[in-house]
Amino acid sequence: MTVSTYRPTCQILLVKAVDREDGVARRYAKAARLVDLTPYLGSGGSVTITKSIDEPCGAFTVSFADKIRPDLADSVYAGVEAMDVIEIRAAREPHLYASQKLPLIMRGFVSRVERSEEAGNNGAPRRIVSITGHDAGKLMQIHRIVSQLMTVLEQPYLETFQLQATTGMPTVTWPVSQFMSLLIENVVNPKVQALAAVGGSGIKPFTVDAQVSEGLVSNIRLASATGSLFDIATAFADRPWNEWFIEDSETGPVVRFRPAPFRSAQDDSFVIDGATDPGTIDISDSDVVRLRLWHGDDRVANFYWVPPGDSAPDTAWWAGNAALNDAYPLDLDYANSLQALYGTREMRAFSRLLPPAVSVMPASQPADRRVSALNQFPPWHKKRATQLRDMNRDNAVFEEGRAVLKGSEALKPGQYLRLTRGGVVASAYMTRVNHSLSPLQGWISTAILIRGTGFLTRNKMPGSPYLLEGMRGPYSR
0 MTVSTYRPTC QILLVKAVDR EDGVARRYAK AARLVDLTPY LGSGGSVTIT KSIDEPCGAF
60 TVSFADKIRP DLADSVYAGV EAMDVIEIRA AREPHLYASQ KLPLIMRGFV SRVERSEEAG
120 NNGAPRRIVS ITGHDAGKLM QIHRIVSQLM TVLEQPYLET FQLQATTGMP TVTWPVSQFM
180 SLLIENVVNP KVQALAAVGG SGIKPFTVDA QVSEGLVSNI RLASATGSLF DIATAFADRP
240 WNEWFIEDSE TGPVVRFRPA PFRSAQDDSF VIDGATDPGT IDISDSDVVR LRLWHGDDRV
300 ANFYWVPPGD SAPDTAWWAG NAALNDAYPL DLDYANSLQA LYGTREMRAF SRLLPPAVSV
360 MPASQPADRR VSALNQFPPW HKKRATQLRD MNRDNAVFEE GRAVLKGSEA LKPGQYLRLT
420 RGGVVASAYM TRVNHSLSPL QGWISTAILI RGTGFLTRNK MPGSPYLLEG MRGPYSR
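Here numbering that gives the first Met the number 0 is used: the first residue of the sequence shown is 0, the next is one more, and so on.
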């Protein structure tokens, strides 16, 4: 029998974006702008990386014993500043990448540098340097739309979306994917380019992969939009029907805006129109360090409601028409949300997008077209509510949990994880992945899972799933 062994390797690269010249010693001003921090990790260093599709940005921490940096004649601590770029690469099997770069795990910006000192058990000083930071999502958090300063500081935003600080915005709408592209390309990337002009080529512009085909964004709703650029983007991303998150790539950060790729428990089809396969990572039981899964009734619902809000023109009008359009999907008799068993449970979510057929807000249309435009809203909300039902009606049997796995560069949130254990095959969707690397010691990855099919799979299998998941053939290895 062959036993596979792995020697994971990582590389930490510092790209100086902050250039100190005035008021500092020459050795700092003339120090290298590209520094390989990998040798400083030693055997006691550690690297942790966290990435989630539900959070504004990913995070990293690099810690190592303090050492002198020869070109500075000082601690590594002295050569790292907030907004410097850190590039983290790693591979489970580095020999597969001979003569080429290791896979990129995260590229981000330093937020804090810490140097701690303490006396060890033998009285000798012990110094640790820790560098923490966030991926490119940080740029969309630190740049904000502030209404009081908008006309002075956000002129590109004003020009792009034709905002008028005193009169509001014209009634022009964009398909939501077009809006996301405009926001990134015309508002975010100019700020990135300005930063790159100061910080160098290590700072990459965003690209956009926008796949959502339904829903419109109105300038009327944008007129009062304030906060960070991330807040504005996610406000109109229309979660939970869509996903909006940032991935790192060799060419720069990529904004993924797509329909939620959730599959039906009944026929494995995608619930949301236009959703596509996000990819699947296959693992076996030999890759699992620890697995904890559960299923229960805490997320069960049988009454789904998308109430009038930013996407509805008139609450009073809606109240008089919603019942006629059957806009309240009920699931009281469905087996996995049966009212007699689980009681009456409501789930609601708000949509900020306009129906695809409404190119101009009803109030701005001629009187003879206004009623027709208004009538587009109840079916839109009903469709959203129906999709909300179809995504959640099997929550009683879908599994959630946490999988601690052998570290791998292939593990990323926003993909499915498929585990084969003997004759039992089940999958789950990864919403968050944490990597913990210790050079010369090991690499562990932790995936947060939702919509797991293990319980469903076991119920459908003939024979004994308990025995089958542990059964291995005589030639298995």
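Even glycine gets a Cβ: it sits at the ideal position worked out from N, Cα and C. Note that the structure is a prediction, hence the values are computed from the model and not measured.
Residue i in three-state terms, based on DSSP
i	result
residue 333	coil
residue 91	coil
residue 6	coil
residue 42	coil
residue 192	helix
residue 377	helix
residue 266	coil
residue 136	helix
residue 232	helix
residue 349	coil
residue 172	strand
residue 297	coil
residue 206	strand
residue 279	strand
residue 493	Lying before the first or after the last residue shown, residue 493 is absent from the chain, which here runs from 0 to 476.
residue 83	coil
residue 184	helix
Outcome for residue i when other beta-carbon atoms lying within 10 angstroms are tallied against a minimum of 16
i	result
residue 293	exposed
residue 462	exposed
residue 212	exposed
residue 444	buried
residue 274	buried
residue 247	buried
residue 279	exposed
residue 468	buried
residue 428	buried
residue 250	exposed
residue 301	buried
residue 343	exposed
residue 334	exposed
residue 330	buried
residue 411	buried
residue 242	buried
Residues that residue i bridges to, as DSSP identifies them
i	result
residue 436	46, 442
residue 240	According to DSSP, which records beta bridges pairwise, residue 240 is partnered with nothing at all.
residue 63	128
residue 97	In the DSSP output, where bridge partners are listed per residue, residue 97 has none listed.
residue 428	415, 449
residue 143	227
residue 405	443
residue 245	254
residue 112	130
residue 197	DSSP output for residue 197 lists no bridge partner at all.
residue 103	88
CB contact flag (residue i, residue j, <8 Å)
i	j	result
residue 104	residue 87	yes
residue 124	residue 116	yes
residue 256	residue 262	no
residue 135	residue 55	no
residue 424	residue 417	yes
residue 264	residue 396	yes
residue 172	residue 109	no
residue 83	residue 12	no
residue 183	residue 205	yes
residue 40	residue 63	yes
residue 7	residue 406	yes
residue 408	residue 451	no
residue 202	residue 16	yes
Heavy atom of the ligand GTP within 7 Å of residue i beta-carbon
i	result
residue 64	What this structure holds is no ligand at all, so the ligand GTP is not there to describe.
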